[in-house]
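Asker: Got a structure here, written out as structure tokens. Questions coming.
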Amino acid sequence: MNKAEYKNLQTAIETANIPEEERKRLSTQAEKLKSPLDTDVVIYRIVVGSLGLAVLACLTFSFFVTLYNTNPNAKLDMPEIFLAIGSAAVGALAGLLAPSPRKSEGE
């Protein structure tokens, strides 16, 4: 259930002609209907941690490949997969950590 649907459900519960006890029970059940992504911060932390580890792993690999390059005349090419994984992880982290634009309450 998205936030707009939840708000509509809460408004319907508040304006309905039902006893107060039933209204409280319905409000409690409506809270349980919220999606886990809205209420569970553990999922968010796991995703951010995994993306951060991917970035660090790519940087560490790049550092050690450069460090253990024994031939100074050799052209050192990084495997493209590490560049792709690192770039995608940084972009995903930026998207997750940047504040999302909020609609005004009147809309």
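Throughout the sequence shown, residue numbering follows the working numbering, covering 1164 to 1270 in sequence. Every residue gets a Cβ at the ideal spot worked out from N, C-alpha and C, and that includes glycine.
#1: Spatial neighbours of Gly1269 within its chain, please: C-beta separation below 7 Å, excluding the five flanking residues on both sides.
#2: Can Leu1222 and Ala1193 be called in contact, C-beta distance under 8 Å?
#3: Starting from Ala1217, follow the alpha helix (DSSP H) in both directions and report where the run begins and ends.
#4: Looking at the ligand FAD, does it come within less than 7 Å of Met1241, judged from the CB to the closest heavy atom?
#5: State the DSSP-derived secondary structure class of Lys1238, mapped to helix, strand or coil.
Answerer: Taking the coordinates as given:
#1: Interpretation of Gly1269 is limited by its pLDDT of 49, a score under 50 that renders its predicted location unreliable; the figure taken from the coordinates is listed afterwards. Sequence-distant partners of Gly1269 (beyond 5 residues in either direction) whose C-beta falls short of 7 Å from its own C-beta are missing from its chain.
#2: For Leu1222 and Ala1193, no; Cβs fall outside 8 Å.
#3: 1204-1230
#4: Of ligands this structure carries none, so the ligand FAD is not represented either.
#5: coil
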